[in-house]
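Using full-length UniProt numbering, read the sequence shown as starting at 1 and increasing by one per residue.
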Amino acid sequence: MKVNSTAKHFVDFTEAEEDLVFRMHRLVGNRWELIAGRIPGRTAEEVEMFWAKRHQDQ
């Protein structure tokens, strides 16, 4: 099974990053580039994948 780097980064989201994603999403919606710009080292794709994974489980 091959794991890509984006999947690795999903696991590495810190509690502070998760909190920021949730707060920013409440303010700006699905503007992943804008949200990722507030989290050093994160891409819009990583943030969007994190969001999708979190809401897939609900």
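Note that beta-carbon positions come from the ideal geometry of N, C-alpha and C, so glycine has one too.
{"Item": "Span separating the alpha-carbon of His9 from that of Glu46", "Value": "Its pLDDT being 48, under 50, His9 is placed unreliably in this model, and the coordinates cannot settle the point."}
{"Item": "For residue 87, the first and last residue of its enclosing alpha helix (DSSP H)", "Value": "Nothing about residue 87 can be read from this structure; the chain reaches only from 1 to 58."}
{"Item": "Beta-carbon proximity list for Val21, same chain, < 7 Å, skipping 5 on both sides", "Value": "Ile35, Val47, Phe50 and Trp51"}
{"Item": "DSSP three-state assignment for Ile35, whether helix, strand or coil", "Value": "helix"}
{"Item": "Residue span of the alpha helix (DSSP H) that contains Arg54, given as start and end", "Value": "Ala44 to Gln56"}
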